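First residue of the sequence shown? That's 95 in my numbering, and the numbers climb one at a time after it. Cβ coordinates follow ideal geometry from the N, Cα and C atoms, glycine included. Computed from a predicted structure; not experimentally measured. Presented below is the structure to which this report refers.
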Amino acid sequence: MKALGAKLDLQLWRIPSEIPEHEQTSIISVGSASVRLRDTGGTGNSLVFLCDPPITVEAYDGLISAFSPDFRVIVAEVPGFGFSRASSGRQLSFTGAVEIVETALASLELKSVVLFGPCICGFVATEIASRGNLPVAGVVLMQAPDKEGMLAWVERMDPKGLLRVPLFGQMLLKLNAKKTVKFWLKYATAKIFDPSSIIDVTTQSLEDGGGYPLATMLQSWSAGTKDAGLEIPGLIIWGRQDRSHLETPSECTRAHLVNGEVIEFPDCGHFSELEKPAEFAATVRPFLSRCLDGSDA
95 MKALGAKLDL
105 QLWRIPSEIP
115 EHEQTSIISV
125 GSASVRLRDT
135 GGTGNSLVFL
145 CDPPITVEAY
155 DGLISAFSPD
165 FRVIVAEVPG
175 FGFSRASSGR
185 QLSFTGAVEI
195 VETALASLEL
205 KSVVLFGPCI
215 CGFVATEIAS
225 RGNLPVAGVV
235 LMQAPDKEGM
245 LAWVERMDPK
255 GLLRVPLFGQ
265 MLLKLNAKKT
275 VKFWLKYATA
285 KIFDPSSIID
295 VTTQSLEDGG
305 GYPLATMLQS
315 WSAGTKDAGL
325 EIPGLIIWGR
335 QDRSHLETPS
345 ECTRAHLVNG
355 EVIEFPDCGH
365 FSELEKPAEF
375 AATVRPFLSR
385 CLDGSDA
């Protein structure tokens, strides 16, 4: 039934042939799938940010401005979400997402890379780092619990399990996508943060035909995710005003980054990198200096 649900999502969230153009965006084809990304270009050390669905690359202007004077900044949407295409159920799976994103990034022939993985996409970042096919110098995880914590988060966000019912969950989310997005972006961000700009660009992406197969993600990704136990340089960031993670201990992320330094943003919610991009960049720069060949950051 999960396979049928994934096939349904492929139909419900078919990406249009003409997608919105945005500064620095491009599409990298990976077989029958694709990855949409923003890339500031250059040959220097690279920072790769994975979008946290339903967020798309349009929301990253402030963060890119904060980092781009010193780094090549890349922001990528995972297959099936935003305007990255998926054409099979496997491409919507966790393993499929890892393989497709990894292949797309490899095609860019990047120098040293720091991967930034938010929430469930933190598992994508750590799996890519574990595979060793890219020159990953470090990993930064934001609001990314261990697997036990992620499963508990899913239970809190979908307490009746409706989104995890194959076929029904897909239809339910599709019919309520904009309402769900607006609720989530208000609920998960800090009370002092005005999420209207993020809500506007995210709902506009949906109106323009962007994908949001969240039901398939909730139904299938747990089969592939695991605690990475990486010993590479790592930074763990938590916004403590995220109402979806109030009881999640920040230290649980060390299941992914064994030696990771934990930094908490008391005035941020789920999206510290978007809520306070300048402060986020200033906080992360010392870590980048340490793990990127001693470069000035």
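- May I ask whether a heavy atom of the ligand FMN can be found less than 7 Å away from the beta carbon of L104? The ligand FMN is absent from the structure shown, which contains no ligands of any kind.
- Message: Once DSSP output is grouped into helix, strand and coil, what is the label at T119?
- Response: strand
- Message: Using DSSP's beta-bridge definition, name the partner residues of E358.
- Response: W332
- Message: Considering only the alpha carbon of each residue, which of L329, M251, S290, A180 lies closest to G232?
- Response: L329
- Give the DSSP-derived three-state secondary structure of R130 in the structure shown. strand
- Item | Beta-carbon gap between C213 and G176 smaller than 8 Å | no
- When DSSP builds the beta bridges, which residues end up paired with G305? G176
- In its own chain, which residues sit with a C-beta less than 6 Å from the C-beta of M244, not counting the 5 before and 5 after it? none
- Query: Does the distance from the C-beta atom of L102 to that of L261 stay below 8 Å?
  - Reply: yes
- Item | Bridge-paired residues (DSSP) for S140 | R166, V207
- Taking only the alpha-carbon atoms, compute the straight-line gap between A349 and C215 and give it to the nearest angstrom. 15 Å
- Message: Taking the alpha carbon of I292 as the reference point, which residue from F277, G303, G305 has its own alpha carbon closest?
- Response: F277
- Query: Taking DSSP as the reference, what is the three-state secondary structure of L351?
  - Reply: strand
- Can you tell me the Cα-Cα spacing of A375 and M95, whole angstroms? 43 Å
- Message: Quick check on DSSP: helix, strand or coil for M95?
- Response: coil
- Report, in whole angstroms, the separation of the C-beta atoms of V129 and S178, which I expect to be a contact under 8 Å. 5 Å
- Task: Name, in chain order, the residues that DSSP records as bridge partners for P380.
- Result: None, per the DSSP bridge assignment.
- Item | Pairwise C-alpha distance: V248 and E369 | 23 Å
- Item | Residues sharing a beta bridge with G232, DSSP | V208
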